[in-house]
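Here is the structure we will look at, set down as structure tokens.
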Amino acid sequence: MSRISVDQVKHVAHLARLAVTEEEAEKFKRQLDQIITFAEQLNELDTENVEPTSHVLDIRNVMREDAAKPGLPNEEVLKNAPDHQDGQIKVPSIME
Amino acid sequence: MSLFDHKVSELHELLHKKEITVSDLVETSYKRIKEVDGEVQAFLTLDEERARAKAKELDEKNSDDKGLLYGMPIGIKDNIVTKNLTTTCASRILENFDPIYDATVMGKLHQAETITIGKLNMDEFAMGSSNENSAYKNTKNPWDLNTVPGGSSGGSAAAVAAGEVLFSLGSDTGGSIRQPAAFCGVVGMKPTYGLVSRFGLVAFASSLDQIGPVTRTVEDNAYLLKAIAGHDQMDSTSANVNIPDYLNALSGDVKGLKIAVPKEYLGEGVSEESKQSVLDALKVLESLGATWEEVSLPHSKYALATYYLLSSSEASANLSRFDGVRYGYRTPDAQNLIEMYKQTRAEGFGEEVKRRIMLGTFALSSGYYDAYYKKAQKVRTLIKKDFDDVLEKYDVIVGPTTPTPAFKIGENIDDPMTMYMNDILTIPVNLAGVPAISVPCGFAGGLPLGLQIIGKHFDESSVYRVAHAYEQATSFHKQKPVL
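This is the structure we're talking about:
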């Protein structure tokens, strides 16, 4: 039985902001199904009383003085921007 | 005989006696690149003009105050940002990206006075085990141009093996330094998570990524790690620990040292040649006075699934920054913002990167988070505990770096699961956050094999001690590919 449908693949692609063709959606369905099936071997393990590990260091929040520092020069910030105008980064329209 | 057959310490001696100049070292690099990189294809970008100017500057500098790696030519993996030197992560989406700052490791290298020769090919965004996922070129294994160099730091390992640079930096999320080092017959170290700053390393999986050195010898590896390790305010997961002088560990003395050999690392899926090379290496270490015993890391078989869920989840979040707004590629004719995001990412990312973004987004999505992401985080705790338990009783863990030697180009590219199996012996180390090195330990069918030595958190010294003693007692590292 397939663990993921083409519709789910398209939904996930939308969440990930990736345009997919019908052909790609089919391919991802097949491959993700294979990987997810493989991943389900983790269910063999009882992890009821196990704490999750997000990273291995014993550090939580790292604080420093909130000192004001100059930001980057405008021209540096815009140097790699695909489109800009009047010192601002420009994007296609947000609303119809 | 190339100048790069010498170690850092020997080159410094030659420079001191004025038998060679820094410019000679830089020219050795570019000459070799011109000779062999047409075939090996390790480099994406060269920085010739600045490298030559820097060499001249160092040669003219009349001061005894010299950096730790004064004048040494280095190659940098292309996911480490270099100010005013194109950084692509081997992706179309960063084709013309010209960073406005240097990664912390680059600052440290400038301080150590290395010379950056250029940027090295890799699997796109460090996702892959063969360099076949680069958007630009297929790096070849210098030992056999029909086989892969490994990945994702394939360019970093191939360039060192081919004598194009003295050494290089790579990054390792699930084996991306150690596996290519094993495949190319060089020395590759993944340091303890938090030892080397990740500031300016383009993030793949932030809880696993580490930058580390790729070198010809263990001694040079210790030199290069010494130069780049240390606390950094710009990386909140950078550890504030004392950095010992790793060179002090290179005594050749392993008497009384206790080695653990996990039975899972010599079990199913590991080739006979790989197993035999490790058993032979254990005999060498025994003859030097170390002892070894078989142990178990019982959750090893779950590491691969855990890794793909966690690393892909983190990647899906990290790679959301590539949206065609502030930097990188943007699709030319999108009508609105959402369409621009989707088309830009569809056109800018390669297939493996998309597959992992999809897997990660799925594992983090509402309704699946607990079943996949959180479950994997819990299993990670069990895997880490396996290592903690064993390393409480033993100084190091030893096993093969990879299940097999390098495979043919094209052999695994259409089968993600088989490709992922390549990393079963390196992935658990990243999940546990411990340091591990790969050193050359033999050949199978003319292709190098790697011995993996794993240590306790922040005990790189013991790893180097064992690696160095083994290297000095063997001659595999002295063999070089014929190009």
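Quick mapping for you: the protein sequence lines, in order, are chains A and B.
Using the UniProt record's numbering, you'd call the opening residue of the first sequence number 1 and step up by one each time.
Using the UniProt record's numbering, you'd call the opening residue of the second sequence number 1 and step up by one each time.
Think of the CB as a built atom: it goes at the ideal place given N, C-alpha and C, for glycine as much as any other residue.
Chain-ordered chain B contacts of residue i [CB-CB under 7 Å]
i	result
R30 of chain A	None at all; the shortest Cβ gap to chain B is about 11 Å.
D16 of chain A	Note that residue 16 of chain A is Ala in the sequence shown, not Asp. Here the neighbours are S316, I357, M358 and T361.
E26 of chain A	Going along chain B, no residue has its Cβ under 7 Å from E26 of chain A, so there is no contact; the nearest lies around 13 Å.
As assigned by DSSP and simplified to three states, the class of residue i
i	result
K480 of chain B	coil
P416 of chain B	helix
Q88 of chain A	strand
I397 of chain B	strand
N242 of chain B	coil
T291 of chain B	strand
E189 of chain B	It should be pointed out that residue 189 of chain B corresponds to Met in this sequence rather than to Glu. Note: M189 of chain B maps to strand in three-state DSSP.
D388 of chain B	helix
N62 of chain B	coil
K56 of chain B	helix
S366 of chain B	coil
D459 of chain B	coil
V196 of chain B	strand
D83 of chain A	coil
T47 of chain A	coil
F125 of chain B	helix
A444 of chain B	strand
N141 of chain B	strand
K83 of chain B	coil
K255 of chain B	coil
Under 7 Å from the C-beta of residue i: neighbouring residues of chain A
i	result
D98 of chain B	K79 and N80
L309 of chain B	A39
S207 of chain B	S54 and H55
Y223 of chain B	None at all; the shortest Cβ gap to chain A is about 25 Å.
Limits of the alpha helix (DSSP H) - the one that residue i falls within
i	result
V270 of chain B	Careful: V270 of chain B lies outside any alpha helix (DSSP H) and carries neither H nor E.
P180 of chain B	R178 to C184
P448 of chain B	That residue, P448 of chain B, is in no alpha helix (DSSP H); its beta strand (DSSP E) goes L447 to I454.
S312 of chain B	A303 to N318
L109 of chain B	T104 to A112
T344 of chain B	L337 to G348
L44 of chain B	Looking at the DSSP string, L44 of chain B is not in any alpha helix (DSSP H); the run it does join, the beta strand (DSSP E), is F43 to L46.
E10 of chain B	V8 to H16
V6 of chain A	V6 to L15
G175 of chain B	Note, G175 of chain B: premise wrong, no alpha helix (DSSP H); not H, not E.
K226 of chain B	V218 to I228
Residues that residue i contacts on chain A, provided the C-beta gap is smaller than 9 Å
i	result
M340 of chain B	V91 and P92
G128 of chain B	By Cβ distance, chain A contributes nothing, its closest Cβ being about 15 Å from G128 of chain B, past 9 Å.
Y302 of chain B	Q41, L42, E44 and L45
residue 500 of chain B	Since the first and last residues shown for chain B are 1 and 483, residue 500 of chain B lies out of range.
Where residue i meets chain B, residues with beta-carbon distance less than 9 Å
i	result
V6 of chain A	Residues of chain B passing the Cβ test: none, with the nearest at roughly 13 Å.
D66 of chain A	What D66 of chain A touches in chain B: nothing, since even the nearest Cβ is about 13 Å away.
Boundaries of the beta strand (DSSP E) in which residue i is found, first to last residue
i	result
T215 of chain B	Q210 to T215
P73 of chain B	P73 to K77
P435 of chain B	Unbroken run through P435 of chain B: none, as it is neither H nor E.
A260 of chain B	K258 to P262
S29 of chain B	S29 of chain B -> not in any beta strand (DSSP E); alpha helix (DSSP H) instead, spanning V22 to V40.
residue 510 of chain B	This structure cannot settle anything about residue 510 of chain B, because the visible part of chain B is limited to 1 through 483.
S168 of chain B	F167 to D172
F28 of chain A	Taken as a continuous stretch (DSSP letters only), F28 of chain A belongs to no beta strand (DSSP E), being part of the alpha helix (DSSP H) at E22 to A39.
L78 of chain A	Segment N74 to L78 is the alpha helix (DSSP H) holding L78 of chain A; no beta strand (DSSP E) there.
Amino acids of chain B, ordered along the chain, whose beta-carbon sits closer than 8 Å to that of residue i
i	result
D83 of chain A	R330
E76 of chain A	I100
Chain-ordered chain A contacts of residue i [CB-CB under 8 Å]
i	result
A432 of chain B	V56
A346 of chain B	L18, A19 and V20
Q343 of chain B	A19
Y265 of chain B	Result: empty, since nearest Cβ-Cβ is about 19 Å, beyond 8 Å.
Notebook entry, point to check: Taking a cut of 7 Å between CB atoms, which residues from the stretch 32–55 of chain A lie near chain B?
Noted result: L32, Q34, I35, F38, A39, Q41, L42, L45, T47, V50, E51, P52, T53, S54 and H55
Notebook entry, point to check: Three or more beta-carbon pairs under 8 Å between the stretch 184–196 of chain B and the stretch 32–52 of chain A, yes or no?
Noted result: no
Next item on the list: Assess, as a yes-or-no matter, whether the stretch 17–28 of chain A is touched by the stretch 403–410 of chain B under the definition of 3 or more beta carbon pairs within less than 8 Å.
Entry: no
Notebook entry, point to check: Quick check: the stretch 152–160 of chain B against the stretch 29–44 of chain B, are there 3 or more CB pairs under 8 Å?
Noted result: yes
Item checked: Residues from the stretch 363–390 of chain B in contact with chain A, defined by Cβ distance under 7 Å -> S365, Y372, K374, K375, A376, Q377, K378, V379, R380, T381, L382 and K384
Next item on the list: Check distances from the C-beta atoms of the stretch 225–257 of chain B to those of chain A and list, in chain order, the residues that come in under 7 Å.
Entry: Q233, S236, T237 and A239
Checklist line | Contact the stretch 55–72 of chain B vs the stretch 14–30 of chain B: 3+ CB pairs below 8 Å | finding: yes
Margin query: Can you pull out the residues from the stretch 396–425 of chain B whose beta carbon lies closer than 9 Å to at least one beta carbon of chain A?
Written below: P416, M417 and Y420
Item checked: Residues within the stretch 318–340 of chain B neighbouring chain A, beta-carbon criterion of under 8 Å -> S320, D323, G324, V325, R326, Y327, G328, Y329, R330, A334, Q335, N336, L337, I338, E339 and M340
Notebook entry, point to check: Mind listing which residues of the stretch 437–465 of chain B have their C-beta closer than 9 Å to chain A's C-betas, in chain order?
Noted result: H457
Check: Which residues, in order along the stretch 165–182 of chain B, keep a beta-carbon less than 7 Å from a beta-carbon of chain A?
Finding: none
Item checked: the stretch 283–292 of chain B contacting the stretch 414–426 of chain B, beta-carbon criterion three pairs below 8 Å -> no
Next item on the list: May I ask you to verify whether the stretch 363–381 of chain B touches the stretch 212–226 of chain B, counting CB pairs closer than 8 Å and requiring at least 3?
Entry: no
Checklist line | Contact residues within the stretch 141–153 of chain B, judged by C-beta distance below 8 Å to chain A | finding: none
Notebook entry, point to check: According to a CB-to-CB cut-off of less than 9 Å, which residues of the stretch 31–62 of chain B neighbour chain A?
Noted result: none
Notebook entry, point to check: Do the stretch 104–115 of chain B and the stretch 228–245 of chain B touch if we need at least three Cβ pairs shorter than 8 Å?
Noted result: yes
Next item on the list: May I ask you to verify whether the stretch 231–240 of chain B touches the stretch 426–442 of chain B, counting CB pairs closer than 8 Å and requiring at least 3?
Entry: no
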